[in-house]
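S.K.: Quick one: this structure, given as structure tokens, is what I'll be asking you about.
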Amino acid sequence: MEKKDRSTELNLLKTARGQIDGIIKMIDDDRYCIDISKQVLAVQALLKKTNLEILKKHMNHCVKTAFEEGQGEDKIDEIMLVLDKYYR
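Count along the sequence shown from 1, add 4, and you get the number used in my numbering.
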């Protein structure tokens, strides 16, 4: 993935980092547990979205190139390992 193509992922991760900082402050301020939990779920959703975006770009670039070079099966195996962890 080229550097110029990473802005979406970086923005999502920076947003998640800001939310994590907010969660830490909520815990320090002894905020209501359910409100904290909701924020944790929001961060998890952002991280999942980021990962899917990364995988999409990986498939559109690296996997496509690997298939053109006759090495597509290795890339499929890599993706399957990631998806296996994702669905656990």
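Virtual Cβ for every residue (Gly too), placed ideally from N, Cα, C.
Bear in mind that the values here come from a model prediction, so they are computed numbers and not experimental data.
#1: Between which two residues does the alpha helix (DSSP H) carrying R21 extend?
#2: Are E134 and T54 close, meaning C-beta to C-beta below 9 Å?
#3: With a Cβ-Cβ cutoff of 9 Å, do Q23 and Q43 count as a contact?
#4: Quick check: what's the CA-CA separation for Y36 versus V47?
#5: Taking the alpha carbon of D9 as the reference point, which residue from N64, K52 and M84 has its own alpha carbon closest?
M.R.: Checking against the coordinates, here is how it stands:
#1: For the purposes of this step, residue 21 is identified with residue 17 of the sequence shown, where counting begins at 1. Taken as a continuous stretch (DSSP letters only), the alpha helix (DSSP H) holding R21 covers S11 to D32.
#2: This structure gives no information on residue 134, because the portion of the chain shown stretches from 5 to 92.
#3: For the purposes of this step, residue 23 is taken as the residue at position 19 of the sequence shown. For the purposes of this step, residue 43 is taken as the residue at position 39 of the sequence shown. Closer than 9 Å, so yes.
#4: Residue 36 sits at position 32 when you count from the first residue of the sequence shown. Residue 47 sits at position 43 when you count from the first residue of the sequence shown. Using only the alpha carbons, I get a separation of about 17 Å.
#5: Within the sequence shown, the letter at position 5 stands for residue 9. The option with the nearest alpha carbon to D9 is N64.
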